[in-house]
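Asker:
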Amino acid sequence: MELGLVGLGKMGGNMRERIRRAGHTVIGYDRNPDLADVHSLEELVNGLTGPRVVWVMVPAGAATQSTIDELGELLSPGDVVVDGGNSRWTDDEKHAEQLAAKGIGFVDCGVSGGVWGLENGYALMYGGDAEDVAKVQPIFDALKPEGEFGSVHAGKVGAGHFAKMVHNGIEYAMMQAFAEGWELLEAVDSVTDVREVFRSWQEGTVIRSWLLDLAVRALDDDEHLEKLRGYAADSGEGRWTVEAAIDNAVPLPAITASLFARFASRQDDSPQMKMIAALRNQFGGHAVENK
130 MELGLVGLGK MGGNMRERIR RAGHTVIGYD RNPDLADVHS LEELVNGLTG
180 PRVVWVMVPA GAATQSTIDE LGELLSPGDV VVDGGNSRWT DDEKHAEQLA
230 AKGIGFVDCG VSGGVWGLEN GYALMYGGDA EDVAKVQPIF DALKPEGEFG
280 SVHAGKVGAG HFAKMVHNGI EYAMMQAFAE GWELLEAVDS VTDVREVFRS
330 WQEGTVIRSW LLDLAVRALD DDEHLEKLRG YAADSGEGRW TVEAAIDNAV
380 PLPAITASLF ARFASRQDDS PQMKMIAALR NQFGGHAVEN K
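Heads up: take any position in the sequence shown, counting from 1, add 129, and you land on this note's numbering.
1. When you compare each of S394, N297, G365, K139 to L247 by their alpha carbons, which one comes out closest?
2. In the DSSP assignment, what are the bridge partners of V210?
3. Just the C-alpha distance for G232 and L134, rounded to the nearest angstrom, thanks.
4. Looking only at its own chain, which residues have a Cβ that is under 7 Å from the Cβ of R181, when we skip the five neighbours before and after it?
5. How would you write the range of the alpha helix (DSSP H) that H353 sits in, first residue to last?
6. Hey, out of A189, A151, A347, R368, whose CA is closest to E325's CA?
7. Cα-Cα, which of G239, V210, C238 is closest to E226?
8. How long is the line joining the alpha carbons of A292 and A283, rounded to whole angstroms?
9. Excluding the 5 residues preceding and the 5 following L137 in the sequence, name in chain order all residues of the same chain whose CB lies nearer than 8 Å to its CB.
10. Give the secondary structure of V417 by DSSP, where H, G and I count as helix, E and B as strand, and everything else as coil.
11. To the nearest angstrom, how far is it from the Cα of H153 to the Cα of M130?
12. Could you check how far apart the C-beta atoms of H290 and S216 are, in whole angstroms? I think they sit under 8 Å.
13. Once you ignore the five residues that flank A189 on each side, which residues in its own chain have a CB closer than 6 Å to its CB?
14. Could you say if the stretch 392-405 and the stretch 356-375 meet the contact criterion of at least three C-beta pairs nearer than 8 Å?
15. To the nearest angstrom, report how far apart A263 and L343 are at their CA atoms.
16. So, at 6 Å on beta carbons, what are the nonlocal neighbours of A390 in its own chain, with the 5 sequence-adjacent residues on each side left out?
17. Hey, which unbroken runs of the beta strand (DSSP E) at 3 residues or more fall wholly within the stretch 334-398?
18. Once DSSP output is grouped into helix, strand and coil, what is the label at V135?
19. Which of helix, strand or coil does DSSP assign to A252?
20. Out of A151, D261, P400, N143, point me to the one whose CA is closest to D270's CA.
21. Taking C-alpha atoms, which residue in A416, R368, M404, K420 lies nearest to V295?
22. Can you tell me where the alpha helix (DSSP H) with G279 in it begins and where it stops?
23. Enumerate, from N- to C-terminal direction, the unbroken beta strand (DSSP E) stretches of 3 or more residues contained entirely within the stretch 146-180.
24. By the DSSP assignment, the alpha helix (DSSP H) with A189 in it spans what residues?
25. Just curious, the alpha helix (DSSP H) that D318 is in, first and last residue?
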């Protein structure tokens, strides 16, 4: 089939290549002319045969909104827009309603796979009406990993990005657990080769996983992670997961703690710890460290 793909960065560019390898035609547009096949959304839309499918892979928020606004003016009834970025699920509902007024379908798709997706395939979670999903199905089949799993029609519009959001929240907590275990192993004198302990866990243990494999890969590059600063950003989906938990009264202690740990990484000198040190000094006479 034919696909229009908007956004050809690290993810979008590799997705274009994987779809082409599966035998489909992809017309790609990016604001960077060195990456683009065409030089405007209008040229992209005019290059596709109807009913058209246009997949959007641009940053969530204003960039996605402006792209959907423009596509809404260019596409025709029966066409479908797929948002494969990291949009909030509540935005999906608004975008679907906006496009439905023009007879254009909408599918939201959470995409996981990162820089490894070109070779390994992308895990896909998508939401929308079955009729719209069917128009995109050959592309989903091209992008997904080999085998039975890795792709799911999660439910109504918004379900795909909601599922991907929860996936990322779980990812936060798993990474935090590996990080805490690594720090504790590094802290004791009795364990003399932390990297090989991590490597030993890759076979036969209940925590073996791709994340563990990536941790070993990172330690092979820098055994004690001495080249890195202890700073980690958050993409926004961790925050949305915690907010959704509050809205639905679902306890998420591990995911919430892992998000807050990211915030702590941004503080060179924690204001909270200053207060804790002061209080320990006041009630127990415990020593404090002055600058």
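Cβ coordinates follow ideal geometry from the N, Cα and C atoms, glycine included.
Please read these numbers as outputs of a predicted model, since none were measured by experiment.
Answerer: With the given structure in hand:
1. Check the Cα spacing between L247 and each of S394, N297, G365, K139: the tightest is with K139.
2. Paired residues: V183, F235.
3. Those two C-alpha atoms are separated by around 20 Å.
4. Here the set comprises G133, V174, L204, D208.
5. Note, H353: premise wrong, no alpha helix (DSSP H); not H, not E.
6. The shortest Cα separation from E325 among A189, A151, A347, R368 belongs to A347.
7. The shortest C-alpha to C-alpha distance from E226 to any of G239, V210, C238 is the one to V210.
8. Rounded to the nearest whole angstrom, the CA to CA distance from A292 to A283 is 7 Å.
9. R145, G157, Y158, D159, N161, L164, A165, M186, listed in sequence order.
10. Here DSSP, grouped into helix, strand and coil, assigns V417 to coil.
11. Cα to Cα, the separation comes out at about 5 Å.
12. With 8 Å as the limit, H290 and S216 qualify as a contact, their Cβ atoms being about 6 Å apart.
13. Taking C-beta separations shorter than 6 Å and ignoring five residues to either side along the sequence, the partners of A189 in its chain run G214, N215, S216, following chain order.
14. Verdict: yes, contact present.
15. A263 and L343 have their C-alpha atoms roughly 35 Å apart.
16. Q305.
17. As far as the stretch 334-398 is concerned, it has no whole beta strand (DSSP E) run of at least 3 residues.
18. Of the three classes helix, strand and coil, the one that applies to V135 here is strand, per DSSP.
19. Residue state for A252 is assigned as strand, using DSSP reduced to three classes.
20. Among A151, D261, P400, N143, the Cα nearest to that of D270 belongs to A151.
21. When only C-alpha atoms are compared, the closest one is R368.
22. Segment: none, G279 is in no alpha helix (DSSP H) and carries neither H nor E.
23. DSSP runs (the beta strand (DSSP E)) wholly in the stretch 146-180: 154-158.
24. In the DSSP annotation of this structure, A189 is not part of any alpha helix (DSSP H), being labelled neither H nor E.
25. Per DSSP, D318 belongs to no alpha helix (DSSP H) and is neither H nor E.
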